[in-house]
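Residue numbers (my numbering): 4 to 1170.
Rendered as structure tokens:
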């Protein structure tokens, strides 16, 4: 709390101006009368009545301090009334979470002791202050919507990892996740909460009741007759499960829905701040016409401080009192933020309100640096909280309001650079301003009014998938769909307004022309962004620095839009550069050490290993030398740079040490604020530009990883012959300019960000679309049952109608929510962003591949993003948007196919995981006709090379995946191998919609021909390949027989036994592997029968003999009547649905038929 009286404020700053004694009636600024009138208008008395002229002492700058102190002290008596609020409360006046005692389980508490993240099964924590009398409230800002119990507890409550708030006597809680209230027992209560909601917890100890509100709407009394009396006092408390997070507000900031708060608001300071703000408004409204000698009203929208001494010194007196108050979060949020928001409420663009820029100039001029820093930090924090926790309304007006003010603040260069350096990533960490949250309750978001008519696809197969058959939709259905589409378009236009404002914020942060006062904003952003990526890449388990993936998705799209805007803007200035449609990351970024990739895996293994093994290639191709000392902890280069940096720092003027740092203050100034005013009046120029050391010509180019803090603009963009990020260009890389180097690093960061969490989140959000399909299928099935229901069975009919109503209501809710998700995550524009990212990765991989051995330096995530982004486009965006409509779709598929075909067996790639991912991606690629055709379009040489790698001996590669690819190329050509549903299951359960469905066959005769040519032409390849297939078949089938023996033995025991589901899964897998290996043998026998039947080949007889033995073994085990295989099949165990006679017998039959058909007469006689 601040103390009363003027003594403290006066001792802080002295505003007594030195006036010549022989001119007592002249101020040197304006005449005494005009100055008196001006100051009286600026600082009116509280009642608005001015004293009579005869008794009024003229107001000058000499007595202004005394006058201002009296005005501010008029309402100081209100401080005495605050003592009454303390009754009924025990504990510190500043209420925080008690992180030292009284809680169970591991919790991560924020630095302000108001935010908490669960880091154990069910952790509990309470506040430091309790209440025993009166009415009290506190608010909880819900950051995640999971399992939490929020409420009140007493000191005697003991919690553990299983029991939390509400699970013990004298503790009471509300759980919006399960929509229940808890006090030992539990009952239904309230509504479900969502991330961004505000829960108000109210306790009335006079009446003995506890109630809760959600976003200001009362949920009703939850508990009554709670225990009261001597020794009973209640603490705010919470229990939350792993990874759940909330933030408390006990009154340190203005409550969104206030009643009686636990923590006293700073009433006296609040009154002072509002008074001082009123005086500041008067200065803005009232001007001085010196020539006419009168006061004039001014237009506030165009107000500027134009060097008027009287106005400046008046403002200095106001800020002498106002500045220390603006360091308190409550006052910043309640006074300053609301005032700035009121300026923007007049409408128009942010540029139409330069007053905010003028006010920020005043703050930097008339406040101490530490005061401005704290004020800006609290202002941004308040804006972030307001944006994040504002309720969603149809026009998104609240979110737009806060984003506009954020833009206005960031437009101020000095403020922007301070916030970038110290707040936006360092304190806030997560990029909340770029997130558009999805409402769980559509009625509160106003989506019912915005999308009054709902619609969902209702043409489904039995498996719940949308039917590919085009059916004529009814007129009613067509009208509903069109009305729904119009509602979605209205929603899209409103969300686009928010997205455009978010892009404007990023454009300000990526400005590289604001070099006044130090480094440009873009290079500050680059370093912070890289550190942000590092934290999220290396701190997967540290929840305090991990950015939520839903925020990452929105941030990625806004960053792509901003990057492409700057990229194409550079293209217009430099026509020789590439456009954003041709963007890629040049390969030298991966090995020249200018960009830090932390500990992320490279294609060729560890970076230290690559530097040792490929140092000669680096010197030869990229003219980069690897100094052996670079591998040590501290290199001579580092020491030299540190020494040089220290020398240059010592030579700099003190005033130029930091951007926004304290300006050098002349010793004769007793008041820092007045000193600033005098410097302003005398137009004393103080330069904040940091001198840069000149970069000499390097004798050698050395690859050395620079830390984020070490890099300068020259290290990124380059100068004086230094290529910056493009150092070490390989000869395969064209000399053409790509774009600004800083944009290349941002592009690299975007690719990394997609790999960290964006792809995973895009997959999660598809769940809403799946829910719509499931409910639509259930509704369709219910309507069919209603139509078939006999009229006499009224009871069944009524139950079916109830079910129909439930499904319809759920679908109405989900279809509106799905509209929101489709606009914010799966819109056509978002699809184009992911497609652009896919093409960037393809071009980057192609350029890296041309560098030969240096390709090993590329981080693995480029290949991962190429594969995952294609999967996203294919699986997550349809059927809303079709991938085939994207420009250059066929060419992109072909280029990606060429990458998969070449690199799945690339010796430069050593990581097991990335090699498996490439193999799986290729297997998926050949499963679908459009992507298989892309594989067939790649150059013939690459196709043959791919098939040669697939036909390598199975012992040298992941044989199960390789075999699966070959089976996919054959399926549809084999004997009885054209089915999409397992035939033996259709006989037993023809109506079961849960039966496994196989992909429709799409064999490739072209790739089959390549395989046949290779097996015929290479005498060594065929026997080595077939022997490995036969070996694996022998192993897989033997394992299968062993497992079904164990299953049969367990089933025959008298006691009740349960077969392990994992064992059943392994058993089914071994059977499926046996069938697929038999199909590859059938494929080989069909395409190149001479391998087995041409006796001129030295290996033919041996291969045919081995094949016959294995086929005989399979037939003996499978076809004998009432044998082991037969008994296990008849058990019909869940998990063994695919195990049956049909799949394996038709594969064996196919082999035998082809052998018989292709055997000539001489061969028959010989055999």
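Where a beta carbon is used, it is the ideal one built from N, C-alpha and C, also for glycine. Owing to the predicted nature of the structure, the values given are computational and were not obtained by experimental measurement.
Query: Cβ separation of residue 1040 and residue 1151, assumed to be a contact under 8 angstroms, to the nearest whole Å; Result: The pair is not a contact, with the Cβ atoms about 11 angstroms apart (cut-off 8 angstroms).
Query: Secondary structure of residue 1133, DSSP reduced to three states; Result: helix
Query: For residue 779 and residue 1145, the rounded distance between their alpha carbons; Result: 35 angstroms
Query: DSSP-derived helix/strand/coil call for residue 151; Result: strand
Query: At least three beta-carbon pairs within less than 8 angstroms, the region 977–988 to the region 898–917; Result: no
Query: Residue 202, DSSP secondary structure in three states; Result: strand
Query: 8 angstroms contact criterion, which residue 416 and residue 488 should meet: CB distance rounded; Result: Their Cβ separation, rounded to whole angstroms, is 44 angstroms, which puts residue 416 and residue 488 out of contact at 8 angstroms.
Query: Exposure of residue 169, with buried meaning 16 or more beta-carbon neighbours within 10 Å; Result: buried
Query: Of the residues 846, 142, 569, the one placed nearest residue 587, counting alpha carbons only; Result: 846
Query: Residues that DSSP places opposite residue 216 in a beta bridge; Result: 203, 221
Query: Given residue 98 as reference, the closest of 60, 140, 123 once Cα atoms are compared; Result: 140
Query: Three-state secondary structure assigned by DSSP to residue 126; Result: strand
Query: Exposure of residue 191, with buried meaning 16 or more beta-carbon neighbours within 10 Å; Result: exposed
Query: Residue 867 versus residue 842 - alpha carbon distance; Result: 13 angstroms
Query: Close-in-space but distant-in-sequence residues of the same chain around residue 1160 (CB under 7 angstroms, 5 per side omitted); Result: none
Query: Per-residue DSSP class, three states only, for residue 525; Result: helix
Query: Extent of the continuous beta strand (DSSP E) to which residue 895 belongs; Result: No beta strand (DSSP E) holds residue 895; the alpha helix (DSSP H) holding it covers 892–906.
Query: Residue range of the unbroken alpha helix (DSSP H) whose run includes residue 773; Result: 769–791
Query: Proximity test, Cβ basis, 8 angstroms: residue 168 and chain E; Result: The structure shown contains no chain E, having only a single protein chain.
Query: Cβ shell of residue 483 (< 6 angstroms), same chain only, five flanking positions each side left out; Result: 456, 458
Query: At least 3 beta-carbon pairs within less than 8 angstroms: the region 930–943 vs the region 897–908; Result: yes
Query: Euclidean distance between Cα positions of residue 92 and residue 212; Result: 17 angstroms
Query: Under 8 angstroms between C-beta atoms of residue 336 and residue 257; Result: yes
Query: Close-in-space but distant-in-sequence residues of the same chain around residue 200 (CB under 7 angstroms, 5 per side omitted); Result: 145, 217, 218
Query: Three-state class that DSSP yields for residue 250 in the structure shown; Result: strand
Query: Segment contact flag, the region 550–569 with the region 434–441, C-beta cutoff 8 angstroms, min 3 pairs; Result: yes
Query: Bridge partner(s) assigned by DSSP for residue 289; Result: 300
Query: Helix, strand or coil at residue 558 [DSSP, three-state]; Result: helix
Query: Nearest to residue 782 (by Cα), restricted to the options 1012, 771, 801, 807; Result: 807
Query: Buried/exposed call for residue 787, threshold 16 Cβ in 10 Å; Result: exposed
Query: First through last residue of the beta strand (DSSP E) which encompasses residue 183; Result: 183–186
Query: Residue(s) in a DSSP beta bridge with residue 134; Result: 92, 237
Query: Any alpha helix (DSSP H) of 4 or more consecutive residues that is wholly inside the region 297–344; Result: 312–328
Query: Burial state of residue 293, where buried means 16 or more other Cβ atoms lie within 10 Å; Result: exposed
Query: Straight-line gap, residue 323 to residue 428 (C-alpha atoms, nearest Å); Result: 31 angstroms
Query: CA-to-CA distance, residue 1115 to residue 1006, given in whole angstroms; Result: 28 angstroms
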